[in-house]
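Worksheet for the structure shown next.
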Amino acid sequence: MAQNSTQEQGKHKIHSAALALAGTHGWPAVTPVAVLKAAKLKKWPNQAPDSNWQILSDILSTLDAAVQADVQERLGDSWRDNLFELLMIRFDLMQKHREGYLAILPALLSHPHKAQHFTRRLLKSMAQNLKISGIHMGKRKPLLVVTLAAIYLSLIDVWKSDDTADLSKTMAAVDQRLNWLDEVRNLGRKADTHA
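The sequence shown begins at 0 in numbering that gives the first Met the number 0 and counts up by one.
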């Protein structure tokens, strides 16, 4: 147990150091050597990554897991309320390292081959969020997943300029954009009815 705790602490230091470096210098500066030095660690808590992309992948996996763990006690019967919680928890967790997370998209746009991989990751994450929310998807799942991914990316732009202490601008945007998802859901239901 103590070893696992030490590894988790080391992992947290690594992720924080990587995001801090990214926020200050951009993702190209996030090399395994630079991150280890910034984290003030002598060695990696687990197997050393071979690139900054592997570090980013691990950060995003940890973020997904943290969101899902945090939301469990807040889930209710409304898929819309559940999705609202899922999205806002994500932004709340990202807030501490805002500049680091905001450096991700420019880096991906400069590396289309990596962007393809992380796009698949995003779609998988959004599909999981939809499942957790309890929304009925059926045959509309691919459309709803893509719609939620587009909503999330549009919300990043709102969050980027949200200077409120409680992220109220982001919350308002999440609430408004979930109307888009509901419209897509209803369009799919109408199509099923007329099929």
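C-beta: ideal position from N, C-alpha, C; glycine also.
The structure presented is a predicted model; accordingly, all values stated were derived computationally and were not measured.
Counted within 10 angstroms of its Cβ, other Cβ atoms place residue i as buried (16 or more) or exposed
i: His14; result: buried
i: Ser160; result: exposed
i: Leu152; result: exposed
i: Val173; result: buried
i: Arg119; result: exposed
i: His11; result: exposed
i: Glu98; result: exposed
i: Pro27; result: exposed
i: Asp181; result: exposed
i: Arg184; result: buried
i: Asn45; result: exposed
i: Arg73; result: exposed
i: Ser109; result: exposed
i: His24; result: exposed
i: Thr169; result: buried
i: Val32; result: exposed
Collapsed DSSP secondary structure at residue i in the structure displayed
i: Lys113; result: helix
i: Asn45; result: coil
i: Ala9; result: Note that residue 9 is Gly in the sequence shown here, rather than Ala. Helix, per DSSP.
i: Asp162; result: coil
i: Ala190; result: Any reading at Ala190 must be qualified, since the residue scores a pLDDT of 49, below 50, and its modelled position is unreliable; no value is offered.
i: Ile131; result: helix
i: Met136; result: coil
i: Leu74; result: coil
i: Leu40; result: coil
For residue i, the nearest candidate out of the options (CA to CA)
i: Ala16; options: Val34, Arg184, Glu84; result: Val34
i: Leu55; options: Leu142, Leu20, Leu40, Asn81; result: Leu20
i: Ala47; options: His24, Gly9, Leu59; result: Gly9
i: Ser167; options: Phe83, Trp52, Thr30, Ala102; result: Phe83
i: Ala148; options: Val157, Gly25, Leu129, Trp52; result: Leu129
i: Asp91; options: Gln175, Ala65, Thr5; result: Ala65
i: Asn178; options: Ala102, Asp165, Thr146; result: Thr146
i: His112; options: Trp52, Gln71, Leu18, Trp43; result: Trp52
i: Gln127; options: Leu85, Val32, Trp158; result: Leu85
Span of the alpha helix (DSSP H) around residue i
i: Pro141; result: 140 to 159
i: Gly25; result: Where Gly25 is concerned, there is no enclosing alpha helix (DSSP H), given that its DSSP letter is neither H nor E.
i: Arg89; result: 78 to 93
i: Asp63; result: 51 to 70
i: Arg97; result: 97 to 101
i: Lys36; result: 31 to 37
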